[in-house]
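K.L.:
Sharing a structure, written as structure tokens. Questions coming.
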Amino acid sequence: MDLDPTVTVVIIVVLAVIALSVFLSFFPIMLWISALASGVRVGIITLVAMRLRRVVPSRIVNPLIKATKAGLGLTINQLESHFLAGGNVDRVVNSLIAAQRANIELEFERAAAIDLAGRDVLLAVQMSVNPRVIETPIVAAVAKNGIEVKVKARVTVRANIDRLVGGAGEETIIARVGEGIVTTVGSSDSHKDVLENPDMISRTVLGKGLDAGTAFEILSIDIADVDVGKNIGAHLQTEQAEADKRIAQAKAEERRAMAVAQEQEMKARVVEMRARVVESESQVPLAMAEALKSGKIGVLDYMNFKNIEADTSMRNSIGGGTPEKNE
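Everything in the sequence shown is counted per our numbering, starting at 784 for the first residue and increasing by one.
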């Protein structure tokens, strides 16, 4: 069955487009032409080999063109190796160009190491030219007289390229400045000294060399705001007095509980002694009966004893006393 000529032409065009696309994906002709026009000598086979090594040729050739135009003298192998290591080639080349324009000594190896360390090497170069201001949060410190002072500072820093690899970051600078503020305010006799001379904080903190071991160089420390906070000394004394009162109340409650327990113990002893008296009184009738039985006392003696007992009870009742009871 013969195909229609129009369909045949369409199929041929589609196949040609597909073949051209596949060819250009492996042979970046336009990128090679751009490199040649910019004076960068790179072979087409080298570009194809980049494809086989899973390297995007444009991410290597375009930065190489910028480096060549800037006169950096970089090679394609340096850029490709940095790309394969996971670095950002374009950012490294831009940082080298910025450093060259600012007359800052920066080699490709150091810039690549800074980039692989996770730092923005271009931002570091820009900070070396244009220092950055870091604003600390409000730092609360207490003077010797117990008054709280709240201080906010602005730290002007410049990137130190030599210490970017392995150097501490902005958090360390902020922490050290805060520590210096607390130390300076804490060593002041009164909060008024800090309010009158806030620049003594910046002088003291700046003289401590806080940028040691960091990726920055501190240029200046300026006090942005100083405010008086709470009377921490009085607050602590109040809390101490409240704690002492609670301790005294607890001790008083302990003594009261001991007194109540002792009172209950004495009542128990009184009841015990009364029980002993009752027990002893209960022996009297038995003793009387034994005496009568054994003939030690007679009936008349017993009657005289009862008369005397009745007479004593009558006298007690007349005198308002409590008559004795025989149980």
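Ideal Cβ positions, reconstructed from N, Cα and C, are used throughout, including at glycine.
Since the model is a prediction, treat every value here as computed from it, not as a measurement.
Could you give the distance in angstroms between the alpha-carbon of Val797 and the alpha-carbon of Gly826?
P.N.:
Taking the first residue of the sequence shown as position 1, residue 797 is located at position 14. Taking the first residue of the sequence shown as position 1, residue 826 is located at position 43. Going from the Cα of Val797 to the Cα of Gly826 covers about 30 Å.
K.L.:
Going along the chain, which unbroken runs of the beta strand (DSSP E) with 3 or more residues stay wholly within the segment 979 to 1047?
P.N.:
The qualifying runs are 999 to 1014.
K.L.:
Counting along the chain, where does the beta strand (DSSP E) carrying Thr939 start and finish?
P.N.:
The residue labelled residue 939 in the question sits at position 156 within the sequence shown. 930 to 942 is the span of the beta strand (DSSP E), which, as asked, contains Thr939.
K.L.:
Can you look up Arg1052 in the DSSP assignment and give me helix, strand or coil?
P.N.:
Here residue 1052 refers to the residue found at position 269 of the sequence shown. Looking at Arg1052 - three-state DSSP - the assignment turns out to be helix.
K.L.:
Does the distance from the C-beta atom of Asn1014 to that of Ile930 stay below 8 Å?
P.N.:
Residue numbering aside, residue 1014 sits at position 231 when the sequence shown is read from its first letter. Residue numbering aside, residue 930 sits at position 147 when the sequence shown is read from its first letter. Cβ atoms of Asn1014 and Ile930: closer than 8 Å.
K.L.:
Determine the closest residue to Val1009 out of Ile921, Arg874, Ala881, with distance taken between C-alpha atoms.
P.N.:
By one-based count along the sequence shown, residue 1009 stands at place 226. Nearest of Ile921, Arg874, Ala881 to Val1009, Cα basis: Ile921.
K.L.:
Quick one: measure Cβ to Cβ for Thr851 and Ser817, integer angstroms, because I've assumed they're closer than 8 Å.
P.N.:
Looking up residue 851 in the sequence shown gives position 68. Looking up residue 817 in the sequence shown gives position 34. 12 Å between Cβ atoms; not a contact.
K.L.:
Nearest by alpha-carbon distance to Ser841: which of Ile828, Gly854, Trp815 is it?
P.N.:
Indexing the sequence shown from 1 puts residue 841 at position 58. Selected option, being the one with the closest Cα: Trp815.
K.L.:
Can you grab the Cα-Cα spacing for the pair Leu899 / Val912, in whole Å?
P.N.:
Along the sequence shown, one-based indexing puts residue 899 at 116. Along the sequence shown, one-based indexing puts residue 912 at 129. Approximately 22 Å between the Cα atoms of the pair.
K.L.:
Tell me which residue opens and which closes the beta strand (DSSP E) that Arg915 is part of.
P.N.:
The sequence position of residue 915 within the sequence shown is 132, counting from 1. Arg915 -> beta strand (DSSP E) spans 915 to 918.
K.L.:
Going straight from the alpha carbon of Ile1080 to that of Arg1038, what length do you get?
P.N.:
By 1-based counting over the sequence shown, the position of residue 1080 is 297. By 1-based counting over the sequence shown, the position of residue 1038 is 255. If I take the Cα positions, the gap works out to 57 Å.
K.L.:
Are there 16 or more other CB atoms within 10 angstroms of the CB of Glu892, so buried, or fewer, so exposed?
P.N.:
Residue 892 sits at position 109 when you count from the first residue of the sequence shown. Label assigned to Glu892: exposed.
K.L.:
Assign Ala926 to one of three DSSP states: helix, strand, or coil.
P.N.:
On the sequence shown, position 143 is the one that residue 926 refers to. In the structure shown, Ala926 sits in coil (DSSP, three-state: anything other than H, G, I, E or B).
K.L.:
Have a look at Arg946 and Leu857 and give me their C-alpha separation to the nearest angstrom.
P.N.:
Position 163 of the sequence shown holds residue 946. Position 74 of the sequence shown holds residue 857. Approximately 24 Å between the Cα atoms of the pair.
K.L.:
Could you tell me whether the segment 878 to 892 touches the segment 903 to 910, where touching means 3 or more Cβ pairs closer than 8 Å?
P.N.:
As far as the Cβ criterion goes, the segment 878 to 892 touches the segment 903 to 910, which means the pair count is three or higher.
K.L.:
Have a look at the DSSP bridge pairing and note the partners of Ala895.
P.N.:
Against the sequence shown, residue 895 aligns to sequence position 112. In DSSP, Ala895 forms no bridge with anything.
K.L.:
In terms of DSSP beta bridges, what is Ala951 paired with?
P.N.:
Along the sequence shown, read from residue 1 onward, the residue named residue 951 stands at position 168. DSSP, once it has assigned bridges, lists Thr997 as partnering Ala951.
K.L.:
The alpha helix (DSSP H) spanning Arg834 covers which residue range?
P.N.:
What you label residue 834 is simply residue 51 of the sequence shown in a count that begins at 1. 827 to 835 is the extent of the alpha helix (DSSP H) around Arg834.
K.L.:
Within the chosen definition, does the segment 932 to 948 reach the segment 998 to 1006 through at least 3 CB pairs nearer than 8 Å?
P.N.:
The segment 932 to 948 is in contact with the segment 998 to 1006.
K.L.:
Do three or more CB pairs link the segment 958 to 975 to the segment 985 to 997 at distances below 8 Å?
P.N.:
The segment 958 to 975, when compared against the segment 985 to 997, does touch it at the 8 Å Cβ threshold.
K.L.:
Among Val934, Thr1021, Thr919, which one has its Cα closest to the Cα of Val977?
P.N.:
As a position in the sequence shown, residue 977 is number 194, starting the count at 1. Out of Val934, Thr1021, Thr919, Val934 has the C-alpha closest to the C-alpha of Val977.
K.L.:
Quick check on Leu862: buried or exposed, where buried means 16 or more other Cβ atoms within 10 Å of its Cβ?
P.N.:
Counted from its first residue, the sequence shown places residue 862 at position 79. Leu862 should be labelled buried.
K.L.:
Using only CA atoms, which one of Val916, Leu855, Phe866, His865 lies nearest to Asp889?
P.N.:
Here the question's residue 889 lines up with position 106 in the sequence shown. For the sequence presented, residue 889 should be read as Leu rather than Asp. For the residues Val916, Leu855, Phe866, His865, the minimum Cα distance to Leu889 belongs to Leu855.
K.L.:
Just checking my contact of Ser985 with Ala926 at CB under 8 Å: how many whole Å lie between their CB atoms?
P.N.:
Within the sequence shown, residue 985 is the residue found at index 202, counting from 1. Within the sequence shown, residue 926 is the residue found at index 143, counting from 1. Wrong, their Cβ atoms sit about 17 Å apart, outside the cutoff.
K.L.:
If you measure between the beta carbons of Gly1012 and Asn928, is that distance less than 8 Å?
P.N.:
Walking along the sequence shown from the start, residue 1012 turns up at place 229. Walking along the sequence shown from the start, residue 928 turns up at place 145. Taking 8 Å as the Cβ cut-off, Gly1012 and Asn928 do not qualify as a contacting pair.
K.L.:
Please classify Ser1100: does DSSP put it in a helix, a strand, or coil?
P.N.:
By one-based count along the sequence shown, residue 1100 stands at place 317. Helix.
K.L.:
Do Ala924 and Val932 have their C-beta atoms within less than 8 Å of each other?
P.N.:
For the purposes of this step, residue 924 is taken as residue 141 along the sequence shown, with counting starting at 1. For the purposes of this step, residue 932 is taken as residue 149 along the sequence shown, with counting starting at 1. The answer is yes: Cβ separation under 8 Å.
K.L.:
Does the beta-carbon of Glu1107 have 16 or more other beta-carbons within 10 angstroms, so that it is buried, or is it exposed?
P.N.:
Position 324 of the sequence shown, counted from the first residue, corresponds to residue 1107. Residue placement at Glu1107 cannot be trusted, given a pLDDT of 49 that sits under 50; what the coordinates show is reported in the next sentence. Classification of Glu1107: exposed, given that the 10 Å Cβ count is below 16.
K.L.:
Going by the beta-carbon positions, is the gap between Ile1006 and Ala936 smaller than 8 Å?
P.N.:
If you number the sequence shown from 1, residue 1006 lands on position 223. If you number the sequence shown from 1, residue 936 lands on position 153. Closer than 8 Å, so yes.
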